[in-house]
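Each residue of the first sequence is one higher than the last, beginning at 1142 in my numbering. Glycine is no exception: its CB is placed at the ideal position from the N, C-alpha and C atoms. Since the structure comes first, as structure tokens, the remarks are kept for the end.
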Amino acid sequence: MIEMKQIIKELIIEAVKKANEQGDLPSSELPVVTLEEPKIEAHGDFSTNIAMVMASIQKMPPRKIAEAILKHLEDTVGIFEKTEIAGPGFVNFFINKSFWLPVLRTIHQEDTRYGASETGKGIKVQVEFVSANPTGPLHVGHGRGAAVGDVVGNIMSFCGYDVKKEYYVNDSGRQIKTLGLSVFMRYKELLGENVEFPGDCYQGEYIYDIAKSVIGKKGSSLLEACEEKTAVSYCAGFAAKVILDGIRKDLDAFGVEFDTWYSEQSLFDSGKVASVINDFRDRKIVYEKDGALWFKTSDFGDEKDRVVVRSNGQATYFASDIAYHQDKFDRGFDRVVDVWGADHHGYIPRIKASIAAAGNDKDRFDVILVQLVNLLRDAVPVAMSTRAGEFVTLQDVINEVGRDAARFIFLTRHYESPLDFDLELAKKKANDNPVYYVQYVHARISSILRKAREERSIGDVIWNEDAVAMLKAPEEIRLIKTMARYPEVIRDSAQFMEPHRITFYLMTLASSFHSYYNKHKVLTDETLLSAGRLYLILAVKKVIRNGLALLGVSAPEKM
RNA sequence: GCGCCCGUAGCUCAGCUGGAUAGAGCGCCGGACUUCGAAUCCGUAGGCCGCAGGUUCGAAUCCUGCCGGGCGCGCCA
1142 MIEMKQIIKE
1152 LIIEAVKKAN
1162 EQGDLPSSEL
1172 PVVTLEEPKI
1182 EAHGDFSTNI
1192 AMVMASIQKM
1202 PPRKIAEAIL
1212 KHLEDTVGIF
1222 EKTEIAGPGF
1232 VNFFINKSFW
1242 LPVLRTIHQE
1252 DTRYGASETG
1262 KGIKVQVEFV
1272 SANPTGPLHV
1282 GHGRGAAVGD
1292 VVGNIMSFCG
1302 YDVKKEYYVN
1312 DSGRQIKTLG
1322 LSVFMRYKEL
1332 LGENVEFPGD
1342 CYQGEYIYDI
1352 AKSVIGKKGS
1362 SLLEACEEKT
1372 AVSYCAGFAA
1382 KVILDGIRKD
1392 LDAFGVEFDT
1402 WYSEQSLFDS
1412 GKVASVINDF
1422 RDRKIVYEKD
1432 GALWFKTSDF
1442 GDEKDRVVVR
1452 SNGQATYFAS
1462 DIAYHQDKFD
1472 RGFDRVVDVW
1482 GADHHGYIPR
1492 IKASIAAAGN
1502 DKDRFDVILV
1512 QLVNLLRDAV
1522 PVAMSTRAGE
1532 FVTLQDVINE
1542 VGRDAARFIF
1552 LTRHYESPLD
1562 FDLELAKKKA
1572 NDNPVYYVQY
1582 VHARISSILR
1592 KAREERSIGD
1602 VIWNEDAVAM
1612 LKAPEEIRLI
1622 KTMARYPEVI
1632 RDSAQFMEPH
1642 RITFYLMTLA
1652 SSFHSYYNKH
1662 KVLTDETLLS
1672 AGRLYLILAV
1682 KKVIRNGLAL
1692 LGVSAPEKM
């Protein structure tokens, strides 16, 4: 498809040049030639608006320009079946059907790599996502971020980028202390003490479970042997570890793997936070006010300055985040991508400010803001608050609707759109969920191939010029054209970091296939035709499988 | 009040970074299984693309101003 466009563009450029030389066009100036695929088939396979764009340059009506171009268009390779001028001045190109067929061979040859590219070659990119605080289980919102981050990483990696996926563990700071206190209070309660559980502590049931584990390990010794501070600190470390292990398990069940788990605490232990602050002090871009240390983010595009060290001497989350992002660039990443919940959008200017202040290029830093998930049950919103302990965990969702369906639903929307996730709906509609629609194609084709093998002893499906030449039906050409588009879909999806483009593409391809299937039989009485069709549907199977693989969704042989 | 995102069919959403007659899925209605898997297909109905201006050959898309919804605006994370 990309090659085909290139050929046509060159033919157009030649035609314009010749038209100018022979006096049919006054100006030799050439705008950028863009080719698009018209939405309506009657408008051809490709279309260019060059005549309209050139109207003001040539001082001629678009249709006249189009005529001049077509007059001088020399189809040296025989690619066009037909060309025409339409509407206000579009030039439409109809491609000779035989020119589509080699796409099938390409798909088979490249196989699992079909659609891959080298556009990101040599570029190191880090995608950081989820990074949920280890203070409670992952919920659906995290699931959406996990799906988006994971798949963006997959896609970029498929396009040649050197991708590393990272989880930033907030194992330091106040929320961890609160976690420790929460567990310790439940611990005391379970040991029969009369405690009033603080309102700002984590209320969830899982805190009891952790407290029980603490008892299992330590008995009542935390009450007797040490100060409360030590006990709370022990509980904090213990709980964070237990919860983080749970998070790892949840992500594993969701099909998400990270290359690195990066500890916030390690930034303090290694002195990186202190070193950044000292550096900023030396450069006088921090100052003291009201006993706290402020970073002049407003000098770097933020709307106001931000505190990095509180008046009680404690560093803020922002302080470690500055060190963390500097460290990302220090580790040699050319591009740094953070996937955040949209409620953190106000945080972007200060992070960008810190990146600029540290001497890095803030344009190499991108934030994917994933809008929040509205979890519903029978159209009634389900409250989700970690602290209040009311939430449906990611694990619950996976259990209820399945990993494939959950991932697919998260990726069936642009991440900037808020997502309504109705559990009852997702369960009830399990059978006409779009994910099954796509997977069904794979299973169906697998079934045909099984039949071909078992009943007709057709083992290898291979390229056969004559067999493939039998593919002439409009539905067949449409299928091939759709598959020819796939590499561009992948490329755009990587460039814009938009996984939903693939999801939608797969639904389109699936639809084309199902239509085709219902109209034409693959295993016919004509051996040659059957061979051609088998070759075609095996290509479809491969494209579907490749696309689903990028989304982290399985491609079943049977369903 | 300021900032970011959203507003497209009854519902949930796409719309290829400015193109021709705005598309899917679900839902409604009507058809197709003695034939490779009906988790499918085919067809009908359904739209001042939030509103009003502007930019130009051409706007759902870009600009401005409103209206409505979500989210932010801490020495929280």
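Using the rule of at least 16 other Cβ atoms within 10 Å of the residue's Cβ for burial, across every protein chain shown, is residue i buried or exposed?
i: V1213; result: Contrary to the premise, residue 1213 reads as His rather than Val in this sequence. By the 10 Å Cβ count, H1213 comes out buried.
i: F1637; result: exposed
i: P1640; result: buried
i: Y1646; result: buried
i: Q1163; result: exposed
i: Q1455; result: exposed
i: N1574; result: buried
i: I1143; result: exposed
i: E1405; result: buried
i: V1702; result: What is shown of the chain runs 1142 to 1700, which leaves residue 1702 out entirely.
i: D1504; result: exposed
i: D1312; result: buried
i: R1447; result: buried
i: T1394; result: Per the sequence shown, residue 1394 should be read as Ala rather than Thr. Exposed, because fewer than 16 other Cβ atoms sit within 10 Å of the Cβ of A1394.
i: E1337; result: exposed
i: M1624; result: buried
i: D1607; result: exposed
i: A1377; result: buried
i: E1595; result: exposed
i: E1617; result: buried
CA-CA distance, residue i and residue j?
i: Q1467; j: I1496; result: 7 angstroms
i: A1546; j: L1560; result: 14 angstroms
i: A1499; j: Q1250; result: 47 angstroms
i: V1609; j: R1674; result: 7 angstroms
i: G1294; j: A1366; result: 48 angstroms
i: K1390; j: V1684; result: 30 angstroms
i: L1171; j: L1408; result: 55 angstroms
i: V1232; j: V1174; result: 12 angstroms
i: V1514; j: G1282; result: 5 angstroms
i: E1565; j: V1542; result: 9 angstroms
i: T1253; j: Y1343; result: 46 angstroms
i: Q1147; j: G1600; result: 37 angstroms
i: T1224; j: M1145; result: 15 angstroms
i: L1689; j: G1256; result: 13 angstroms
i: T1707; j: E1307; result: Since the first residue shown for the chain is 1142 and the last is 1700, residue 1707 is missing from the structure and cannot be characterised.
i: V1582; j: A1614; result: 19 angstroms
i: N1335; j: F1436; result: 45 angstroms
i: K1353; j: I1418; result: 41 angstroms
i: Y1488; j: I1550; result: 27 angstroms
i: L1245; j: A1593; result: 19 angstroms
i: V1478; j: L1670; result: 49 angstroms
i: R1548; j: Q1580; result: 13 angstroms
i: G1357; j: A1651; result: 53 angstroms
i: E1269; j: A1464; result: 15 angstroms
So, are the CB atoms of residue i and residue j less than 8 angstroms apart?
i: A1433; j: S1452; result: yes
i: L1363; j: Y1375; result: yes
i: I1586; j: V1681; result: yes
i: E1259; j: G1301; result: yes
i: P1278; j: G1387; result: yes
i: V1480; j: G1290; result: yes
i: D1440; j: K1305; result: no
i: Y1556; j: V1508; result: no
i: L1385; j: P1275; result: yes
i: L1679; j: V1602; result: yes
If you scan the region 1581-1636 from start to end, which runs of the alpha helix (DSSP H) of 4 or more residues do you find wholly inside it? 1606-1609 and 1615-1636
Per the contact definition of three or more C-beta pairs closer than 8 angstroms, is the region 1310-1322 in contact with the region 1380-1389? yes
If we require 3 or more residues per run, which beta strand (DSSP E) segments fall completely within the region 1374-1420? 1401-1404
At least 3 beta-carbon pairs within less than 8 angstroms: the region 1197-1205 vs the region 1179-1189: no
Looking at C-beta atoms only, is the number of pairs between the region 1206-1225 and the region 1147-1158 that lie closer than 8 angstroms three or more? yes
Which full runs of the alpha helix (DSSP H) of 4+ residues lie inside the region 1437-1479, going along the chain? 1458-1471
Give the list of continuous beta strand (DSSP E) stretches no shorter than 3 residues that lie fully inside the region 1324-1349. none
Just to confirm the assignment: which complete alpha helix (DSSP H) runs, minimum length 4, are found wholly within the region 1149-1231? 1191-1199 and 1203-1213
With a floor of 3 residues, list each beta strand (DSSP E) that falls wholly inside the region 1472-1521, ordered by position along the chain. The region 1472-1521 contains, as complete beta strand (DSSP E) runs of 3+ residues, the segments 1476-1482, 1506-1511 and 1514-1518 (chain order).
When the Cβ atoms of the region 1472-1491 are set against those of the region 1256-1268, are three or more pairs found closer than 8 angstroms? yes
Are the region 1271-1286 and the region 1618-1631 in contact at 8 angstroms, needing three or more beta carbon pairs? no
Take every Cβ of the region 1515-1522, pair it with every Cβ of the region 1478-1490, and state whether three or more of those distances are shorter than 8 angstroms. These segments do not touch.
Completely contained alpha helix (DSSP H) runs for the region 1253-1316, where each covers 4 or more residues: 1281-1299
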